[in-house]
Structure formats: C-alpha cells, structure tokens
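Chemist:
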Amino acid sequence: MNVWEHITTFFSVENYTLFVVSIGSGILCLAAGVVGTFTYLRKRALIGDVISHSVLPGVAIAFILTGVKNPVYFLLGAIISGLISIWIVDYVQTKSKLKPDSILALTLSVFFGIGVVLLTKVQHSGNAAQSGLDSFLFGKAASMSMLDVQLFSAIAIINVICIALFLRSFSIISFDENYAKGLGFNVRLIKGFLALLTVVTVAIGVQAVGVVLMAALLITPASGARFLTNSIRRMLIYSGIFGFASGIIGVFISYSGTGMPTGPWIVIVLSAFTLSAILLGKQRGVFARMKVRQNNHVKINNENVLKDIYKLADKGLKTITTKELIDKEKHQPKKLKSTLARLEKLDYVDLVRGMVILSDKGRIAAREVIRKHRLWEIYLSKYFQLDADHLHDDAEGIEHIITPEIEKYLIKLLERPETDPHQSEIPY
Amino acid sequence: MSANTIIEAHNLTVLYGRKPALWNVDFTLPEKEVIGIMGPNGSGKSTLLKSIMGVVQPTSGFTKVYDQELDTVRDRVSYVPQRQDIDWDFPASVWDVVSMGRFQKRGLFKKLTTEDKDIISESLEKANMLGFAKRQISQLSGGQQQRVFLARAIAQQGDLFLMDEPFAGVDIATEEMIVSLLKEMKDEGKTLVIVHHDLHTAQSYFDHLVLLNTRLVACGPTKDVFTDKFLTDTYGGKLTTIAKISQELENKEFPIRHK
Amino acid sequence: MNDFYIILTASLVAINCALMGSFLVMRKMVMIGDAISHAVLPGIFIAYYISGSTASLPILIGAAFSGILATLLIEWFTKKARLQSDAAIGVSYTLLFAIGIVLISKFGANADLDQQCVLYGEIEYVILWLKPVFGAFMLPQQTIILLAVCILLVVAVIIGYKGLFITTFDPNFALSTGIAVGFWHYFLMSGVSLTTVVSFESVGAILVIAFLSGPPAIAYLLTEDFKKMLLLACIVGIFCSATGYYAAKWLDVSIAGSISTVIGIAFTLVFIFTSVIKRKAVVIST
Numbered sequence: 114m115n116v117w118e119h120i121t122t123f124f125s126v127e128n129y130t131l132f133v134v135s136i137g138s139g140i141l142c143l144a145a146g147v148v149g150t151f152t153y154l155r156k157r158a159l160i161g162d163v164i165s166h167s168v169l170p171g172v173a174i175a176f177i178l179t180g181v182k183n184p185v186y187f188l189l190g191a192i193i194s195g196l197i198s199i200w201i202v203d204y205v206q207t208k209s210k211l212k213p214d215s216i217l218a219l220t221l222s223v224f225f226g227i228g229v230v231l232l233t234k235v236q237h238s239g240n241a242a243q244s245g246l247d248s249f250l251f252g253k254a255a256s257m258s259m260l261d262v263q264l265f266s267a268i269a270i271i272n273v274i275c276i277a278l279f280l281r282s283f284s285i286i287s288f289d290e291n292y293a294k295g296l297g298f299n300v301r302l303i304k305g306f307l308a309l310l311t312v313v314t315v316a317i318g319v320q321a322v323g324v325v326l327m328a329a330l331l332i333t334p335a336s337g338a339r340f341l342t343n344s345i346r347r348m349l350i351y352s353g354i355f356g357f358a359s360g361i362i363g364v365f366i367s368y369s370g371t372g373m374p375t376g377p378w379i380v381i382v383l384s385a386f387t388l389s390a391i392l393l394g395k396q397r398g399v400f401a402r403m404k405v406r407q408n409n410h411v412k413i414n415n416e417n418v419l420k421d422i423y424k425l426a427d428k429g430l431k432t433i434t435t436k437e438l439i440d441k442e443k444h445q446p447k448k449l450k451s452t453l454a455r456l457e458k459l460d461y462v463d464l465v466r467g468m469v470i471l472s473d474k475g476r477i478a479a480r481e482v483i484r485k486h487r488l489w490e491i492y493l494s495k496y497f498q499l500d501a502d503h504l505h506d507d508a509e510g511i512e513h514i515i516t517p518e519i520e521k522y523l524i525k526l527l528e529r530p531e532t533d534p535h536q537s538e539i540p541y
Numbered sequence: 016m017s018a019n020t021i022i023e024a025h026n027l028t029v030l031y032g033r034k035p036a037l038w039n040v041d042f043t044l045p046e047k048e049v050i051g052i053m054g055p056n057g058s059g060k061s062t063l064l065k066s067i068m069g070v071v072q073p074t075s076g077f078t079k080v081y082d083q084e085l086d087t088v089r090d091r092v093s094y095v096p097q098r099q100d101i102d103w104d105f106p107a108s109v110w111d112v113v114s115m116g117r118f119q120k121r122g123l124f125k126k127l128t129t130e131d132k133d134i135i136s137e138s139l140e141k142a143n144m145l146g147f148a149k150r151q152i153s154q155l156s157g158g159q160q161q162r163v164f165l166a167r168a169i170a171q172q173g174d175l176f177l178m179d180e181p182f183a184g185v186d187i188a189t190e191e192m193i194v195s196l197l198k199e200m201k202d203e204g205k206t207l208v209i210v211h212h213d214l215h216t217a218q219s220y221f222d223h224l225v226l227l228n229t230r231l232v233a234c235g236p237t238k239d240v241f242t243d244k245f246l247t248d249t250y251g252g253k254l255t256t257i258a259k260i261s262q263e264l265e266n267k268e269f270p271i272r273h274k
Numbered sequence: 590m591n592d593f594y595i596i597l598t599a600s601l602v603a604i605n606c607a608l609m610g611s612f613l614v615m616r617k618m619v620m621i622g623d624a625i626s627h628a629v630l631p632g633i634f635i636a637y638y639i640s641g642s643t644a645s646l647p648i649l650i651g652a653a654f655s656g657i658l659a660t661l662l663i664e665w666f667t668k669k670a671r672l673q674s675d676a677a678i679g680v681s682y683t684l685l686f687a688i689g690i691v692l693i694s695k696f697g698a699n700a701d702l703d704q705q706c707v708l709y710g711e712i713e714y715v716i717l718w719l720k721p722v723f724g725a726f727m728l729p730q731q732t733i734i735l736l737a738v739c740i741l742l743v744v745a746v747i748i749g750y751k752g753l754f755i756t757t758f759d760p761n762f763a764l765s766t767g768i769a770v771g772f773w774h775y776f777l778m779s780g781v782s783l784t785t786v787v788s789f790e791s792v793g794a795i796l797v798i799a800f801l802s803g804p805p806a807i808a809y810l811l812t813e814d815f816k817k818m819l820l821l822a823c824i825v826g827i828f829c830s831a832t833g834y835y836a837a838k839w840l841d842v843s844i845a846g847s848i849s850t851v852i853g854i855a856f857t858l859v860f861i862f863t864s865v866i867k868r869k870a871v872v873i874s875t
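See below:
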C-alpha cells in the first residue's frame with residue numbers, strides 16, 4: 114500500500130474508528146496545548162509531570178469503590194488525586210526547608226507508587242473488568258470510543274471558553290503574581306481555577322497517552338509556540354494548532370505501521386513541530402538569530418567602508434581607489450570587494466574603473482556613522498575615566514549600534530557639541 | 016604599574032549573554048589599604064570581584080593580582096562571596112564552613128592537620144564566633160552568617176581580601192565588629208577590597224574608592240573621588256545611555272567589538 | 590532466601606540512590622535525575638538490539654550514552670535555543686522516552702523489555718539468574734552489579750567528599766580557591782547516570798526517583814549534618830525497602846509500588862513531626 118492509499122483510507126469516513134481516534138486525539142492535544150500555555154508561562158512545566166503521575170491512585174480508588182469501569186468515575190477520582198498532589202507540593206514547600214525540585218520528584222513518585230500498589234491489588238483480585246485500568250499507565254488512544262471523543266471535545270470546549278473569558282486574569286498572574294495582587298485580582302482564586310482546568314485536562318489526557326507522556330502534551334506545544342510570537346493570544350492559537358495537528362498525524366503514523374503505539378508517536382510529532390519552531394521562529398528562532406548576527410556583520414562592514422571613503426575624501430583626496438582603501442585603511446581586499454559591490458547595489462557608491470565615488474546617499478550614511486562615533490567619544494570622555502587612546506577603539510564598536518533614539522538622547526545630554534575630544538568636527 | 020599596586024584590571028569586559036556587566040574597565044588598586052567598590056544596583060560590582068577571583072571569565076581584557084596571573088598567587092587571596100548566594104539551610108555546622116578555608120592549602124584529599132584546626136579556631140575567635148563552632152548554620156542570624164564567612168576567609172590566610180557586600184543585612188553590632196576587624200587586618204598589612212552600597216559610611220570606611228556603573232566612573236583616593244560630580248555621574252541617571260546600549264547589544268545580538 | 594535476595598537488591602539500589610540523591614537534593618537537581626532515568630530508555634533498547642543480548646556491559650554503555658544525550662539536549666535547549674529550563678527538561682525527556690517506547694513496540698517483540706518493566710521494574714525476577722560469587726555465595730546477577738556499583742560509589746563519595754561538599758555548598762567560593770567545579774559536577778552526574786542505569790532494570794524508573802528524592806529528603810529534615818544525612822538516607826532507604834517488600838508480600842501487590850508508598854508514608858510522618866508539630870511548638874513557646 115503506498116502512502117497516498119494510506120492517506121485516503123485514513124481519511125475516509127467509512128474508516129469510522131480511525132476517524133474517531135484521530136479527531137479525539139487532535140481535540141485532546143488542542144485542549145492540553147491551550148491550557149499548557151499557562152503552565153509554560155508560569156514556569157511550572159514539571160508540575161504537569163507531577164499531576165499526570167498523580168492521577169493514578171484516584172482512578173484505582175474510584176474503581177475499587179464503585180467496581181465498575183465508568184469513565185466519569187475514573188475522571189472524578191483522577192481529578193481529586195491530581196488536585197491533592199498540587200496542594201501537597203504547595204503545602205510542603207511553605208512548611209519545610211525542602212526545595213521545589215525534591216518535593217516534585219517525591220510527590221510524583223510516591224503518588225505513582227500508591228497507584229501501582231492499588232492497581233496490582235485490583236489485578237490480583239481477579240476482577241475481570243480491571244483490564245481497562247492499565248490504559249492509564251500507557252494510554253489507549255487506539256481504542257478510543259465515541260464516548261471518549263465526546264468527553265474530550267467537551268473538555269476542549271470548556272478550556273477554550275474559560276481561557277477566552279479569563280484571558281486577562283490568567284495572563285496577569287502568569288506575568289507577575291504580586292503585580293496582580295496589587296491590582297486587586299484574587300490571585301488565589303485564579304490560580305486555583307487554572308489548576309483545576311489543568312488537572313481536568315491531564316486526567317483525561319492520561320487515558321490517551323499515558324502518565325509519562327502527558328507532560329509533553331502540556332508543555333511541548335507552548336515551548337514551540339513561544340518561539341513564534343510574543344503575544345499570549347497567538348501563543349494560545351499556535352499551541353492549539355500544534356496540538357491538534359500532532360494528534361491527527363500521530364494517529365496516522367501509528368495506524369500506518371504495525372504495532373505502533375499512538376501516544377509516543379503523538380509526542381514525537383509534537384516535538385518535531387516544536388523543534389522546527391525553535392529553529393525557524395521568525396524572531397527568536399535559532400536560525401533567525403544566526404541571521405541577525407550575520408546581518409550585523411554586514412552592517413558593520415558597510416558602515417566601516419563608507420566611513421573610510423568619506424574620511425579619505427575629507428582629507429582632500431579627489432579620487433579614491435580601492436588600492437588606497439586597502440593600503441591606507443587596512444581593509445582586506447577580498448572582503449572589501451564584496452562590501453563595495455554590495456554598497457554599489459544599494460546606491461551608496463559608484464565604482465568606476467577602480468575608483469570609488471560616494472553618492473549623496475552614501476555621504477549621508479557616512480556622516481551619520483562618523484557623527485555617532487564622535488558623539489560616543491565625547492560621552493565616554495565626559496562621564497568616565499578613560500584614557501584618550503581608549504576612546505577610539507570603544508567607539509569603533511558602538512557607532513554601529515547607536516539607534517536614532519539613543520543618538521537624539523546623546524545630542525541632548527551633551528548639548529549638541531561641535532567638536533570631539535580630538536578636536537574633529539562633528540558632522541550634523 | 017607602580018611598586019605598590021596589588022590589583023590591575025586592563026580593558027576588562029564581561030558579558031552575560033550579550034549584555035555587558037563590565038565594559039572596558041581599567042584601573043589599578045594600591046596595596047595595604049581599605050578599598051571600596053561602589054555603584055548602583057546591577058552596575059557590575061559583584062561581577063568585578065568575581066572576575067578578579069576567576070569565578071566568571073572575562074570576555075576580553077584581564078586582571079592581574081600582584082602583577083601575576085591569579086593562579087600563581089591564588090593562595091594569597093581570600094574571597095567572601097555574597098551571603099545570599101548560598102543556601103543557609105544546608106546541613107552543615109559553623110566549623111564545617113570555616114574549615115573550607117583550609118581546603119586550598121591542604122588539598123581536597125588530605126586530612127586537616129592539628130595546625131589547620133588551630134588556624135580555624137583562631138579565625139573563629141577573630142570573628143567572634145568561637146562559641147558557635149558546633150552550631151548549625153541554619154540557626155544563625157544574618158550578622159552571624161556574615162561573620163562565619165569572614166572567619167572562613169581569615170582561615171585562608173591571604174594578604175588580600177575581596178568581600179562582596181559584607182555589610183548587607185547585618186545588625187549594627189556586627190557592622191561595628193566587622194569594621195574594627197577590618198581596621199585590625201589593615202594594621203596587619205592586609206589589603207581589603209569591599210563591595211559596599213551605603214554612601215553614608217563610605218568616607219569613614221574606605222581609603223580608596225572605585226565608582227562603577229558598568230564602566231569605570233572614577234577610581235582613586237576617597238577624598239578625590241567622593242565628590243558631587245563623580246557621585247552624580249555614578250548614581251544620577253546620566254548613564255542610562257549605557258543601559259540603553261546594553262539592551263540594544265543584547266536584543267540585536269550585536270558584537271561589542273568587531274575586530 | 591528469596592526474601593533476602595530481593596531485599597538485598599532493593600537495599601543496594603536504595604544505598605546507591607541515597608548517596609547520589611543527597612547531593613542532588615542539596616544542589617536542587619533532582620528533576621534532572623528524573624529526566625535521565627526516563628531518557629535512558631532508547632539507549633538501553635538500541636544497545637540491546639545491536640548486541641542482541643541482555644548482557645550488562647552493552648546495555649550500560651547504551652544507557653550511559655542516552656543519559657549523556659539527554660543532558661546535552663537539555664543544555665542545548667537552554668543555552669543555545671534559550672528555552673526556559675523547566676520546559677527544556679520536560680520537552681527533552683518526554684521526547685527520548687517516546688522514542689524509546691516506539692522502538693520497543695516496533696522491534697522489541699522478542700525482547701525482555703516492555704513498557705511495564707520500564708516504569709516499575711521486575712525485582713521479583715532477580716532471583717532467576719543466580720551466579721556464584723567467590724565460588725561460595727550464590728547471588729543474582731543484577732545484585733552483583735549493584736553491589737559493585739555500590740562499592741564504587743561509596744569509595745568515590747568518601748574520597749571525593751570534600752570536593753563534592755564544597756562545590757555543592759558554595760560553588761563560587763570553590764571556584765575562587767581554584768577548585769574545578771565543572772569536574773565535580775560531571776563527576777556527580779556520571780555517578781547519577783550509573784546509578785540510574787543499573788537500578789533501572791531491577792526497580793524501574795519510578796522507584797529510582799522515589800529513592801533519589803525520598804530518603805535524602807527525609808534525612809534532610811531529620812539532621813543538620815551532611816555526613817549524618819548521607820548515612821541516615823541510606824538507613825531510611827534500606828528500612829523502606831525491607832518494610833515495603835514485606836508489605837507487598839502481605840498485600841500481594843507490586844514490590845516497587847509498595848516501597849514507594851512506604852517512602853511516602855515515612856516522609857509524611859517525618860514531615861508532620863519536624864515541620865508541622867515542631868514549628869507549632871516553637872510558635873507556642875515564643
């Protein structure tokens with residue numbers, strides 16, 4: 114079967130189970146991604162891990178008490194034990210000298226241990242109905258029922274609505290709790306509500322991907338989304354999209370292979386999305402930052418060459434050749450050639466048979482660099498104890514970074530000086 | 016450099032990420048004096064001590080102690096980190112902490128000798144903490160914690176002491192005790208370099224001052240440096256340009272020097 | 590005799606984890622231990638798949654390799670990509686764990702590895718592979734390895750005590766006296782990886798974390814002397830192993846789960862005694 118057939122079979126609605134599973138997983142991951150955005154922003158990624166391990170005892174107790182495999186009871190049990198675990202982490206932290214990381218690790222392993230004890234108790238008691246409990250350990254996305262999908266959708270909708278309604282409150286406590294308190298927000302209530310949303314989402318998600326990987330559903334989409342935008346609103350949207358797409362693609366991949374587990378594939382796809390965002394993000398991405406650094410070097414080279422041409426012209430030279438730039442200003446021939454070619458393209462200079470002529474545009478740009486250089490030298494000599502021979506080197510680096518606003522501020526602070534410490538005129 | 020120079024910083028630049036914490040700082044400090052390092056919050060005071068002690072690596076430039084690389088004279092230099100830098104709930108006694116001052120001379124793999132133990136006791140005595148030797152550090156007051164740190168530095172038996180905010184958050188009794196201890200140490204011919212932030216006491220505590228605001232504003236004898244002009248330059252907000260440029264350097268990932 | 594083997598095995602894991610965990614707790618790095626214990630999975634599997642055996646050496650190498658990979662990944666995320674550190678841990682270890690599970694389900698049909706074993710181990714079965722030691726004693730293979738690692742760690746902690754202590758308590762001061770803080774960091778992390786990997790097969794990831802965090806935390810609440818804390822953590826670990834084992838036998842439940850639960854109970858009692866009751870007493874007396 115080729116890939117296309119895979120895809121068409123996969124998306125044919127006749128293939129009802131698959132349709133249900135993929136939509137269900139997608140919606141679940143969407144809900145987790147949206148709630149997880151706040152988990153991420155509040156720097157509590159590892160709390161997600163604690164909650165997902167901690168739902169296990171609640172589920173087992175719900176089963177022991179009721180004796181039936183009812184997802185609603187399970188959910189209730191899971192939510193209660195998840196909330197207890199959060200409360201314990203906070204309480205122990207305020208009452209003892211233990212640091213958060215120890216408390217998190219201890220809470221998650223002990224809750225999980227209790228869960229495993231109860232689970233094995235149920236298994237060994239020979240109750241035939243117990244088989245479904247295992248799914249809380251490793252997830253059972255592949256056997257999702259229509260009821261599950263309805264439940265997931267309900268949660269996803271509740272999450273999205275609550276977040277839309279309380280976006281401002283949630284954002285502000287993620288930003289700065291004390292500030293929120295000062296503004297009169299009921300921080301405890303908002304935090305509690307957010308915790309409830311998180312626990313409910315985790316309690317449901319654990320059934321699909323299992324305890325270990327649930328933390329990824331919360332935190333991985335937001336980690337990627339953060340690299341694409343600075344706005345919380347957009348972050349929520351991107352996290353949701355990452356989650357939804359990973360849910361569907363993950364199910365598709367695990368369906369294509371034999372014996373492939375769904376949960377781990379969802380997490381792998383999700384991680385792939387996030388890694389791409391981290392690498393390719395427009396502003397914060399790894400590549401974008403490399404590009405910025407490279408552009409800086411281009412800018413520095415351009416400005417240095419322009420400045421030197423201007424200086425030579427200022428000294429009275431009528432015709433300036435590349436040779437002079439190389440000999441007098443110590444430019445590297447190869448680098449100079451490419452820089453000049455770039456400057457010509459930008460209309461800063463004209464190259465005529467080895468001669469370099471500044472255009473008006475180039476002249477303005479060159480004067481700007483020299484002005485910034487000299488302003489900075491004055492600033493340094495006025496406010497800092499710096500030997501005169503140190504001024505120039507320092508200004509060489511900073512002349513390229515001074516923005517128009519900083520320049521304006523400098524001119525005002527220095528009261529529009531006429532000459533620099535070396536008595537050279539400042540070109541305004 | 017003159018004969019009695021103890022510390023020399025040359026073109027010292029330290030970047031955290033891309034943001035300069037210290038920027039082209041040049042100075043020399045004289046021997047056998049009490050020297051204050053002052054400047055507003057975030058002006059690089061601690062970073063300066065840390066880079067002299069090799070705790071942070073300079074991005075460019077260097078520092079020399081006794082006109083030599085730090086490594087060759089490290090055993091002559093004692094360092095008192097900021098009190099808040101460590102977890103005072105750590106399960107250790109006062110004695111445990113002060114004995115760390117002897118690790119350097121004795122090595123990490125040898126037992127402390129009776130001589131070491133005598134030195135530790137003496138140091139505790141000097142810092143007025145001998146009665147607390149068996150005390151757990153979690154039970155100490157802020158002032159006592161500071162004195163434990165001082166005792167540890169004394170146990171190192173250096174000639175040069177670098178202290179990061181030894182007066183921060185201590186009670187008046189401790190402050191007076193530390194001041195008289197410093198005087199005693201100066202009389203013994205030690206050199207003391209102290210990060211400090213209280214302008215009121217600066218003139219009475221220090222013979223020599225370094226005013227810092229990411230860059231060096233002034234450095235010299237207190238009477239020359241503790242002037243309205245230099246203090247306004249350091250604290251007066253005229254140097255916001257430095258902060259603005261630092262921000263630009265960080266945001267735009269700009270290289271601070273391009274050569 | 591079986592009781593003895595299992596308790597001995599669990600106790601050895603407890604001692605190894607207590608020694609390493611005490612330093613992790615004081616360095617606020619327990620969650621890194623958690624991440625490593627999950628992230629070793631793909632390495633274990635790949636080593637198993639290539640070498641085709643459950644022999645311990647290739648498995649150890651594989652696990653150590655992915656342990657290192659996990660720490661490098663976390664470091665890359667935080668330093669180069671500038672992801673906040675908690676998220677970096679979360680993203681890295683879940684990814685590696687997911688890859689491990691996929692590999693096991695795809696190629697591990699005839700492997701002795703399964704998901705259950707990964708999470709809560711199979712200490713019950715250690716007795717299936719008995720080997721003679723010094724010609725006289727019969728000991729389970731796993732237990733022999735754990736014993737060797739235990740001896741190694743005890744020696745390492747005794748010899749390296751001062752270095753580990755000073756770099757944990759005050760790394761800046763340590764640097765200022767010329768101590769190679771980075772060396773001691775990696776020294777400790779190699780110990781943690783080794784512990785995690787050898788303990789993993791017998792008790793599973795979750796009990797490793799319980800042992801790394803629980804007994805040291807309990808000991809930390811009970812004493813204010815770091816040497817005593819190390820010793821006490823070992824004793825608490827052994828006590829919980831024995832109690833947990835008998836409780837599991839009595840209730841007919843998972844041994845690893847039962848030991849974690851006992852650790853939880855022990856912590857709760859100590860926490861109530863030291864932090865809640867004692868503090869109240871202080872409030873009343875003042």
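First to last, the protein sequences are chains L, X and D. Everything in the first sequence is counted per this note's numbering, starting at 114 for the first residue and increasing by one. Everything in the second sequence is counted per this note's numbering, starting at 16 for the first residue and increasing by one. Everything in the third sequence is counted per this note's numbering, starting at 590 for the first residue and increasing by one. Glycine included, C-beta positions come from ideal geometry on N, C-alpha and C. In this text, all values refer to a predicted model and were calculated from it rather than measured experimentally.
Here's the rule I'm using: 16 or more other beta-carbon atoms within 10 Å means buried, otherwise exposed. How should GLN119/X be labelled?
Modeler: Buried is the call here.
Chemist: Would you kindly report the start and end of the unbroken beta strand (DSSP E) that includes ARG230/X?
Modeler: Counting along the chain, the beta strand (DSSP E) containing ARG230/X begins and ends at 230-236.
Chemist: Taking the alpha carbon of VAL770/D as the point to measure from, which residue in SER782/D, LEU840/D, GLY752/D, PHE634/D has its own alpha carbon closest?
Modeler: If we check each option's Cα against that of VAL770/D, GLY752/D comes out closest.
Chemist: Using a Cβ cut-off of 8 Å (strictly closer), state whether PHE815/D contacts chain X.
Modeler: Yes, because at least one Cβ of chain X sits closer than 8 Å to the Cβ of PHE815/D.
Chemist: By the DSSP assignment, the alpha helix (DSSP H) with SER359/L in it spans what residues?
Modeler: Where SER359/L is concerned, the enclosing alpha helix (DSSP H) stretches over 345-369.
Chemist: Taking C-beta to C-beta, are THR150/L and ALA335/L nearer than 8 Å?
Modeler: Yes.
Chemist: If you drop the 5 nearest sequence neighbours on each side, which residues of the same chain put their C-beta closer than 6 Å to that of ILE635/D?
Modeler: Closer than 6 Å at the Cβ level, and outside the excluded window around ILE635/D, lie GLY651.
Chemist: Across which residues does DSSP place ILE470/L in a beta bridge pair?
Modeler: ASP463/L.
Chemist: Specify the secondary structure class of TRP103/X as computed by DSSP and reduced to three states.
Modeler: Correct three-state label for TRP103/X: coil.
Chemist: Name the DSSP beta bridge partners of HIS25/X, please?
Modeler: Answer by DSSP bridge pairing, in chain order: PHE77/X.
Chemist: Where do the ends of the alpha helix (DSSP H) carrying TYR250/X lie?
Modeler: Run containing TYR250/X: 243-250, per the alpha helix (DSSP H) assignment.
Chemist: Along chain L, in chain order, which residues have C-beta atoms closer than 9 Å to that of LYS532/D?
Modeler: Past the edges of chain D, shown from 590 to 875, lies residue 532/D, and the structure says nothing about it.
Chemist: Mind checking which residues open and close the beta strand (DSSP E) that includes TRP38/X?
Modeler: Taken as a continuous stretch (DSSP letters only), the beta strand (DSSP E) holding TRP38/X covers 34-45.
Chemist: Quick check: the Cα distance between SER779/D and ALA845/D, rounded to an integer number of angstroms?
Modeler: Rounded to whole angstroms, SER779/D to ALA845/D spans 24 Å at the Cα level.
Chemist: For the stretch 471-491 of chain L against the stretch 232-251 of chain X, are there 3 or more C-beta pairs whose distance is under 8 Å?
Modeler: Judged by Cβ distances under 8 Å, the stretch 471-491 of chain L makes no contact with the stretch 232-251 of chain X, as fewer than three pairs qualify.
Chemist: Let's test the definition: count the other Cβ atoms within 10 Å of the Cβ of SER849/D and tell me whether it reaches 16, buried, or not, exposed.
Modeler: So SER849/D counts as buried.
Chemist: Anyone know if the C-beta pair for ALA328/L and SER138/L falls short of 8 Å?
Modeler: Not closer than 8 Å, so no.
Chemist: Alpha carbon to alpha carbon, how far is ASP506/L from LEU450/L? Give it in angstroms, no decimals.
Modeler: According to the sequence as given, residue 450/L is Lys; it is not Leu. Those two C-alpha atoms are separated by around 24 Å.
Chemist: Please determine, among LYS244/X, THR229/X, GLU191/X, ASP222/X, the residue with the shortest C-alpha to C-alpha distance to GLY235/X.
Modeler: The candidate whose alpha carbon is nearest that of GLY235/X is ASP222/X.
Chemist: Apart from the five residues just before and just after VAL482/L, which ones in its own chain have a Cβ nearer than 6 Å to its Cβ?
Modeler: Answer for VAL482/L: GLU416, LYS420, GLU512, listed in chain order.
Chemist: List, in order along the chain, the chain B residues whose C-beta lies closer than 7 Å to that of GLN119/X?
Modeler: Included in the structure are the protein chains L, X and D, with no chain B among them.
Chemist: Quick one: residues in its chain with C-beta nearer than 8 Å to the C-beta of PHE754/D, no 5 flanking neighbours on either side, listed in chain order?
Modeler: PHE815.
Chemist: So, using beta-carbon positions, are LEU456/L and GLU437/L closer together than 8 Å?
Modeler: Cβ atoms of LEU456/L and GLU437/L: not closer than 8 Å.
Chemist: Below 8 Å between beta carbons: does that hold for GLY195/L and GLY228/L?
Modeler: The answer is no: Cβ separation not under 8 Å.
Chemist: With a threshold of 8 Å between beta carbons, is HIS627/D in contact with chain L?
Modeler: Yes - at least one Cβ of chain L is within 8 Å of the one on HIS627/D.
Chemist: Quick one: is LEU601/D near chain X, going by C-beta distance under 8 Å?
Modeler: Cβ-Cβ to chain X under 8 Å: no for LEU601/D.
Chemist: For the candidate residues SER791/D, ASP759/D, ILE690/D, ALA670/D, whose alpha-carbon lies nearest to that of THR732/D?
Modeler: The shortest C-alpha separation from THR732/D is found at SER791/D.
Chemist: Residues of chain D with CB under 8 Å from ARG157/L, in chain order?
Modeler: The contacting residues are ASP675.
Chemist: So, does the stretch 180-191 of chain X touch the stretch 155-162 of chain X, judging by three or more C-beta pairs under 8 Å?
Modeler: Segments in contact, yes.
Chemist: Using 8 Å as the cut-off, can you tell me whether the stretch 210-218 of chain X makes contact with the stretch 793-813 of chain D, which would need three or more C-beta pairs spanning the two stretches below that distance?
Modeler: Judged by Cβ distances under 8 Å, the stretch 210-218 of chain X makes no contact with the stretch 793-813 of chain D, as fewer than three pairs qualify.
Chemist: Is the CB of LYS751/D under 8 Å away from at least one CB in chain L?
Modeler: Judged by the 8 Å Cβ criterion, LYS751/D is not in contact with chain L.
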